[in-house]
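Reviewing the structure listed below.
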Amino acid sequence: MKILQEKFYARDDVVAISRELLGKVLVTTIDGATTSAVITETEAYAGVRDRASHAYGDRRTARTEPMYAKGGTAYVYLCYGIHHLFNVVTGRSGTPHAILVRAGKPVEGVTLMLERRGRKRPDAALLGGPGSLARALGITTTLTGTSLVDGPIRIEDHGIRVPASKISAGPRVGVDYAGADALLPYRFRVDPGEIQ
DNA sequence: CGAATGATATACT
DNA sequence: GTATATCATTCGA
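Residue numbers for the first sequence follow the working numbering, beginning at 4 and rising by one.
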């Protein structure tokens, strides 16, 4: 159960880190209650040169400020006025790379996750989609800018191995506005059935 | 298929 | 300071 340290996040290759996050375990402790899930889907947002990124063109604002922090910082923002989306900031300080965590497979605190989502039984919809995942894990915008190393959100390595052959890559979701960058294969997914 | 729903960025006065 | 368009989505008809 080792918590990923700053060294893991500080690297420059956000796309490589996106692949490596598959199979890692996202853990939150909110109000003393812990919930966790294996990450099964991620999307890379490659800083200032990626039209789909909030930091495209070096747009540094109050909202995007956490993206410019050092790797291992949480970036959470409100989307469509309803959904809190959780991202992992990578790269060194000043490099606004981030990874959107889109889906997961429940591990710990399933009852609480069902309660937060207003559902009866665990199924693909419980943690399927970035808004649903954040909701189930209790992640809100108040946690943006917090540390993933010693904060309420962290990511652990449980030794789950995801072979490269089981990872599918494709274009990102909901970023049609990004022109040619919308076609980049920056979305990575592993079939939840492949996770032990 | 389309409404919901509010913070945020940007362009105005 | 005020106005308005725009979302890295979800759920229900």
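All C-beta atoms, glycine included, are put in the ideal place defined by N, C-alpha and C. Quick caveat, the model's predicted, so the values are computed rather than measured.
Residue i versus residue j: straight-line alpha-carbon distance, rounded
i	j	result
D15	T32	28 Å
G50	R95	12 Å
S171	I142	27 Å
A183	T114	42 Å
A128	V30	19 Å
Under the three-state DSSP convention, the category residue i falls into
i	result
P125	coil
L117	helix
G74	coil
Q135	Note that residue 135 is Ser in the sequence shown here, rather than Gln. Helix at S135.
P99	coil
I85	coil
Contact under 9 Å by Cβ, residue i with residue j
i	j	result
T45	L103	yes
A106	T38	no
D53	L187	yes
A77	N90	yes
H100	G74	yes
I2	T149	Nothing about residue 2 can be read from this structure; the chain reaches only from 4 to 199.
V18	Y189	yes
Y80	T147	yes
T93	V193	no
R124	S135	no
K27	I163	yes
Residue i: CB within 8 Å of a non-hydrogen atom of the ligand ATP
i	result
G74	With respect to small molecules bound, the structure shown includes none, and the ligand ATP cannot be examined in it.
Per-residue burial, residue i [other beta carbons within 10 Å of its own, 16 or more giving buried]
i	result
A137	buried
A2	Since the displayed the chain opens at 4 and closes at 199, residue 2 lies outside it and no answer follows.
A40	buried
E23	buried
G35	exposed
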